[in-house]
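If you use the numbering used here, the sequence shown corresponds to residues 27 to 320, in order.
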Amino acid sequence: MSIASVRAPAKINLGLEILGKRRDGYHEIRSVLAKIDMHDDLHFSLGRSGNGMSSIDGVATADNLIDRAIGLVQSRSGFPTRIGYELKKRIPIAAGLGGASSDAASTLTATNKLLGNPLTHEDLVDLAGRLGSDVPFFLGGPAAAVGGTGTRVDPVPTISASVLLIIPRVAIPGKTAALYNEVSANEYSPGHRIERTVERLRAGVAPEPADLRNAFTAPLYQLLPWLAILPDLLRSCGCCRFGISGAGPAHYALLDPAEFANVTSQVRSGLDPERFDLYQTSLLPNRTQRPPNA
């Protein structure tokens with residue numbers, strides 16, 4: 027095989043807890059990550075231009091996780107074959123949806139396949155951990171509980187749910203580091219909300235609304251007070267299960283497909299179209315699922 031095309035899905039966080047700060051300076055987290063039906067498209071080929079020559083919506087790029095992922099597979103496998111690639115971005119950038127991490131994970135698997143699968147899954151997981159905290163998750167199934175800095179991954183079932191994404195049109199320089207710096211000890215929690223969510227998912231039912239809380243909520247709203255309208259707006263439109271993905275600023279609501287169109291229309295009418303983009307998607311499925319209101 028000399029060509030490989032893959033889809034790199036986005037994710038949302040079904041709750042996120044920060045347990046505290048570790049001795050190494052990193053924060054200990056607990057979260058449930060779930061893949062959604064929104065993806066970037068990646069196309070790889072052997073023997074084309076060097077790894078640093080790529081196309082991202084027609085814009086040349088050099089230093090990014092895709093190049094690093096290719097380099098790691100080449101180094102570990104001992105196959106220095108040139109690999110060219112093209113990336114079509116569909117996942118909003120720096121929104122908390124994991125696009126760059128998903129691209130990196132898809133690159134690891136696609137590059138390994140192009141080279142004849144010289145690396146084991148364990149090798150790829152090790153390389154993924156070197157690329158970023160969310161990257162190992164994207165090597166697995168549709169949902170998982172994650173711990174540590176995000177690199178400990180325990181697969182869990184997901185549910186059937188439509189997902190309304192609300193993406194604020196804002197760039198936050200150094201977002202994740204900035205928000206971690208603003209997290210106070212008052213935002214720390216022992217991980218019980220995530221434990222309950224895992225139990226409910228394993229039972230085939232949706233998380234409790236309160237357990238979708240994200241520890242970055244207060245710091246994000248302090249940084250961008252105009253986002254604080256979203257929880258009340260979503261409640262007024264009939265949404266009970268909603269949250270922030272990653273360190274934001276993306277918000278989401280889990281909805282039954284039957285109510286999706288009506289709720290989306292209400293939410294859209296309550297937002298300034300110059301400040302927010304809305305996307306309609308869904309959780310990636312298991313074989314057997316139940317609706318989110320079960």
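Every residue, glycine too, gets a C-beta built ideally from N, C-alpha and C.
Under 8 Å between C-beta atoms of residue i and residue j
i: serine 132; j: alanine 34; result: yes
i: alanine 60; j: proline 235; result: no
i: alanine 232; j: arginine 267; result: yes
i: isoleucine 55; j: lysine 37; result: no
i: leucine 205; j: alanine 273; result: yes
i: threonine 177; j: tyrosine 52; result: no
i: glycine 403; j: arginine 239; result: Past the edges of the chain, shown from 27 to 320, lies residue 403, and the structure says nothing about it.
i: leucine 250; j: proline 275; result: yes
i: alanine 95; j: leucine 134; result: yes
i: leucine 309; j: alanine 279; result: no
i: serine 28; j: glycine 73; result: yes
i: asparagine 39; j: serine 262; result: no
i: alanine 136; j: leucine 91; result: no
i: aspartate 66; j: lysine 114; result: yes
i: arginine 195; j: arginine 301; result: yes
i: leucine 140; j: phenylalanine 70; result: yes
Own chain, CB closer than 6 Å to residue i, minus 5 neighbours either side, in chain order
i: valine 161; result: Ser127, Ala130, Ala131 and Ala154
i: alanine 171; result: Val58, Asp180, Val182 and Val224
i: proline 118; result: Ile193
i: threonine 307; result: Ile62, Asp63, Met64 and Val189
i: arginine 226; result: Pro233
i: histidine 277; result: Ile192, Leu256 and Ile270
i: glycine 173; result: Arg56
Local conformation of residue i per DSSP, three classes
i: lysine 115; result: coil
i: aspartate 303; result: strand
i: glycine 325; result: Residue 325 lies beyond the range of the chain shown here (27 to 320); nothing can be said about it.
i: glycine 97; result: helix
i: valine 85; result: Any reading at valine 85 is ruled out, since the residue's pLDDT is 41, under 50, leaving its predicted position unreliable.
i: asparagine 39; result: strand
i: phenylalanine 268; result: strand
i: glutamate 54; result: strand
i: serine 31; result: strand
i: serine 210; result: coil
i: alanine 284; result: helix
i: serine 215; result: coil
i: leucine 227; result: helix
i: leucine 72; result: strand
i: leucine 297; result: coil
i: leucine 310; result: coil
Beta-carbon proximity list for residue i, same chain, < 8 Å, skipping 5 on both sides
i: serine 215; result: Glu43, Ile44, Leu45 and Ala241
i: proline 311; result: Pro168, Thr184 and Ser186
i: tyrosine 247; result: Leu253 and Ala254
i: leucine 297; result: Ile192, Leu259 and Leu304
Nonlocal neighbours in the same chain, by C-beta distance under 7 Å from residue i, ignoring five residues either side
i: glycine 76; result: Bear in mind that a pLDDT of 45 at glycine 76, under 50, signals an unreliable position, so the number given afterwards is only what the model happens to contain. Excluding positions up to five away in sequence, the list reads Arg108.
i: alanine 145; result: The sequence given here has leucine at residue 145, not alanine. So the list reads Val99, Arg102, Ser103 and Asn138, once near-sequence residues are dropped.
i: glycine 142; result: none
i: alanine 244; result: Glu213
i: proline 283; result: Ser188
i: isoleucine 220; result: Gly41, Glu43, Arg56, Ser57, Val58 and Ala171
i: asparagine 207; result: none
i: glycine 217; result: Glu43, Leu45 and Arg56
Residue i beta carbon near the ligand ADP (any heavy atom closer than 7 Å)
i: aspartate 129; result: This structure lacks the ligand ADP, and indeed carries no ligand of any kind.
* Any contact of the segment 133-150 with the segment 99-110, i.e. 3+ C-beta pairs under 8 Å? -> The answer is yes - the segment 99-110 touches the segment 133-150, with three or more Cβ pairs under 8 Å.
* Length-filtered (4 minimum) alpha helix (DSSP H) runs lying within the segment 237-265 -> As for any alpha helix (DSSP H) of minimum length 4 sitting wholly inside the segment 237-265, the runs are 243-249 and 256-262, ordered along the chain.
* the segment 276-295 / the segment 46-59 touching (three or more Cβ pairs under 8 Å) -> No, the segment 276-295 is not in contact with the segment 46-59.
* Jot down the residue ranges of each uninterrupted alpha helix (DSSP H) in the segment 129-203, minimum 4 residues, whole runs only, in chain order. => Along the length of the segment 129-203, whole alpha helix (DSSP H) runs at least 4 residues long occupy 147-157, reported in chain order.
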